[in-house]
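Undergrad: Residue numbers (the numbering used here): 108 to 481. Here a beta-carbon is modelled for each residue, glycine too, at the ideal position from N, C-alpha and C.
#1: Taking a contact to mean a Cβ-Cβ separation below 9 Å, would you say residue 171 touches residue 183 in this structure?
#2: For residue 119 versus residue 300, is the C-beta distance shorter than 9 Å?
#3: Pick from 472, 269 and 231: whose alpha carbon is nearest that of residue 191?
#4: With distances taken between CB atoms, is the gap from residue 245 to residue 319 smaller than 9 Å?
#5: Determine the contact status of residue 158 and residue 199, defining contact as a CB-CB distance below 9 Å.
#6: Output needed for residue 128: all residues of its chain with C-beta closer than 6 Å, excluding positions within five of it in sequence on either side, in chain order.
#7: Could you pull out every unbroken beta strand (DSSP E) segment of at least 3 residues lying fully inside the stretch 190-262, listed in chain order?
#8: Could you tell me if residue 452 is buried or exposed, where buried requires 16 or more neighbouring beta carbons within 10 angstroms of its beta carbon?
#9: Please return the same chain residues whose Cβ sits closer than 6 Å to the Cβ of residue 470, not counting the five positions on each side in sequence.
#10: Does the separation of the CB atoms of residue 378 and residue 225 fall below 9 Å?
#11: Tell me where the beta strand (DSSP E) around residue 172 begins and ends.
#12: Can you name, in chain order, every residue of its own chain whose Cβ lies under 8 Å from the Cβ of residue 383, other than the five neighbours on each side?
#13: What does the Cβ neighbour count give for residue 418, buried or exposed, with the cut at 16 atoms within 10 Å?
#14: Note down the Cα distance separating residue 117 from residue 441, rounded to an integer number of angstroms.
#15: At a threshold of 8 Å, does residue 344 count as lining the ligand MN (C-beta to nearest heavy atom)?
#16: Among 240, 462, 395 and 448, which one has its Cα closest to the Cα of residue 155?
#17: Can you name, in chain order, every residue of its own chain whose Cβ lies under 7 Å from the Cβ of residue 175, other than the five neighbours on each side?
#18: Could you compute how far the alpha carbon of residue 448 sits from the alpha carbon of residue 142?
#19: Closer than 9 Å, CB to CB, is residue 346 near chain C or not?
#20: Check this for me: beta carbons of residue 428 and residue 388, under 9 Å apart or not?
#21: Residue 252: which of 463, 121, 396 and 218 sits nearest, CA to CA?
#22: Start and end of the beta strand (DSSP E) containing residue 399?
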């Protein structure tokens, strides 16, 4: 075996995708010390997205100032890949749940810092900006982000203001004439792996805001705010689609990216595959190995393993999925392009015990498979 592509997702709660790649490669080299092993760690748009892209594409991470979800100044970062032509913005770096502070109140949170990161990327003269949507602490529909880039919001007195998660109901007017003109000259892609609409029972507030600290009363309040935002955007911007897949991503930032910035929406794994030129990279590979924490029916909706399977099936390349656990219906992945699935739970332990030995189990599983291939 001469060439292997490693492109796993993280094993949620146990190992990052970069760690999975490192362990897989070390196990492969026991049987194939001279093989070309190419690692492409995958991130879902949340925390770790910039690092994953920088590692996969040989890019760099640049520090830059921004505000956090409470408008406090912080040192954030963006990624620069493709010889400086593409910037990767991780919205969680400026508005992520890991920035939550004591006395947190979701109603005061903002994505303003995300707009600052996009502006910083524009200052670098990039031709493409990828914005990862995930791990947010906000439910402001992307209004803060838009305000940082020049979009104006007005209350019922006609006064301009910057909406936060708890003041979307106060929006009575929106004007985009001052939007940064440089945005029209770059390709803007929002990557996410959820298909929730902006509001309603499957929307940003009802599904995601409770984990961000919203009470049941606040969930209803936030949802009403998102509904008002959609109504004003429909009237003032003629943007009437609040239910497109991903509109509810990152507290409605998906909606804001499209409504205010006209960004394209793309599944995270497809963004990764396109960015690393996967089809060319894997065309002459002997084996592609992917994986994730659990493979089940939910994985059939375009998650990492299935997204890769769609490509390898067309290329005629063998795809092996190594997962922490799998459901009884896992055989449904075979017609989609996955050639074989193996679980790393070698001792059939419950998750809380299996996670303690997950790294050694992953190594041993890959090493055993390589003995068969050899």
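TA: Put simply:
#1: For the purposes of this step, residue 171 is taken as residue 64 along the chain shown, with counting starting at 1. For the purposes of this step, residue 183 is taken as residue 76 along the chain shown, with counting starting at 1. Yes, the pair counts as a contact, with Cβ atoms nearer than the cut-off.
#2: By one-based count along the chain shown, residue 119 stands at place 12. By one-based count along the chain shown, residue 300 stands at place 193. No, the pair does not count as a contact, with Cβ atoms beyond the cut-off.
#3: Against the chain shown, residue 191 aligns to sequence position 84. Of the listed residues, the one whose Cα sits closest to residue 191 is 231.
#4: If you number the chain shown from 1, residue 245 lands on position 138. If you number the chain shown from 1, residue 319 lands on position 212. Yes, the pair counts as a contact, with Cβ atoms nearer than the cut-off.
#5: Translated into the one-based positions of the chain shown, residue 158 becomes position 51. Translated into the one-based positions of the chain shown, residue 199 becomes position 92. Cβ atoms of residue 158 and residue 199: not closer than 9 Å.
#6: Mapped onto the chain shown, residue 128 falls at position 21. These residues qualify, in order along the chain: 113, 146 and 148.
#7: 193-197, 235-239 and 259-261
#8: Indexing the chain shown from 1 puts residue 452 at position 345. Buried: at least 16 other Cβ atoms inside 10 Å.
#9: Translated into positions along the chain shown, residue 470 becomes position 363. So the list reads 130 and 134, once near-sequence residues are dropped.
#10: As a first step, residue 378 must be located in the chain shown, where it is residue number 271. As a first step, residue 225 must be located in the chain shown, where it is residue number 118. The answer is no: Cβ separation not under 9 Å.
#11: As a first step, residue 172 must be located in the chain shown, where it is residue number 65. Unbroken beta strand (DSSP E) run through residue 172: 167-174.
#12: Residue mapping note: residue 383 aligns to position 276 of the chain shown, counting from 1. Correct list, in chain order: 147, 163 and 164.
#13: Here residue 418 refers to the residue found at position 311 of the chain shown. Label assigned to residue 418: buried.
#14: Walking along the chain shown from the start, residue 117 turns up at place 10. Walking along the chain shown from the start, residue 441 turns up at place 334. Distance between the alpha carbons of residue 117 and residue 441: 21 Å.
#15: The model depicted lacks the ligand MN and carries no ligand whatsoever.
#16: Locating residue 155 in the chain shown gives position 48, where the first residue counts as 1. Minimum Cα-Cα distance from residue 155 among the listed residues 240, 462, 395 and 448 corresponds to 240.
#17: Taking the first residue of the chain shown as position 1, residue 175 is located at position 68. These residues qualify, in order along the chain: 181, 201, 206 and 220.
#18: By one-based count along the chain shown, residue 448 stands at place 341. By one-based count along the chain shown, residue 142 stands at place 35. So the alpha carbons of these two residues sit roughly 22 Å apart.
#19: No chain C appears in this structure, which consists of one protein chain only.
#20: Translated into positions along the chain shown, residue 428 becomes position 321. Translated into positions along the chain shown, residue 388 becomes position 281. In this structure, residue 428 sits away from residue 388, with a CB-CB distance that is not shorter than 9 Å.
#21: By one-based count along the chain shown, residue 252 stands at place 145. Measuring from the Cα of residue 252, the nearest candidate turns out to be 218.
#22: Translated into positions along the chain shown, residue 399 becomes position 292. Start and end: 394-402.
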